[in-house]
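The structure under discussion appears below in the form of structure tokens.
In the numbering used here, the protein residues as written are -11 to 154.
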């Protein structure tokens, strides 16, 4: 004999699971899962990049510094002109709250100063890490895969992968 669960019970179980998973990922000590709102309309709970309250001005001071570093990095990369794919590289930029880079940028060793690109990317990543720590930022903890880079129509571009560079 085959038995099935009622749709209402499945909704309640799904809502309870999402609430528990959200509380577990929040990193807030002593947080407990929230009860489902209603039996007929459970609301999905997703924790993605949610900043915790920070001291006034703490995160806002780091934001312009990080933005300026990213602009400098993008200016150094420029058009990323290339003749062959061997001249194209990628560099990890940013820092997710759980660790690891936010994305990758393609640059050219033909036109860009690789050491300067690496320094600017490291400085930007350090600023983002500091900002995340100060603001209590949370993340999905997904892994951003290096897409690699290739020369396409005389310009270095991300070669592929699920997380293409900017």
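Yeah, the Cβ is synthetic: ideal placement off N, Cα and C, and Gly gets one too. Note that the structure is predicted; figures quoted are calculated from it, not measured.
Have a look at the DSSP bridge pairing and note the partners of residue i.
i, result
"residue 140", "143"
"residue 96", "76"
What three-state label does DSSP hand residue i in the structure shown?
i, result
"residue 105", "helix"
"residue 85", "coil"
"residue 29", "In this prediction, residue 29 scores a pLDDT of 41, lower than 50, which makes its location untrustworthy; no coordinate-derived value is stated."
"residue 113", "helix"
"residue 168", "Residue 168 lies beyond the stretch modelled for the chain, which goes from -11 to 154, so this question has no answer here."
"residue 69", "strand"
"residue 56", "helix"
"residue 130", "coil"
Judging by CA-CA distance, which residue of the options is the nearest neighbour of residue i?
i, options, result
"residue 104", "91, 61, 148", "61"
"residue 53", "65, 131, 109, 100", "109"
"residue 137", "58, 93, 56", "93"
"residue 67", "123, 121, 101, 57", "101"
"residue 57", "121, 78, 135, 107", "107"
Starting from the C-beta of residue i, find all residues in its chain whose C-beta is less than 7 Å away, skip the five residues before and the five after it, and write them out in chain order.
i, result
"residue 70", "76, 96, 98, 139, 142, 143, 144"
"residue 86", "127, 129"
"residue 65", "93, 95, 100, 105"
"residue 131", "88"
"residue 74", "none"
Residues in the same chain with beta-carbon distance under 8 Å from residue i, minus the five sequence neighbours each way, listed in chain order, please.
i, result
"residue 113", "80, 81, 82, 83, 89"
"residue 116", "54, 82, 83, 90"
"residue 72", "139"
"residue 111", "57"
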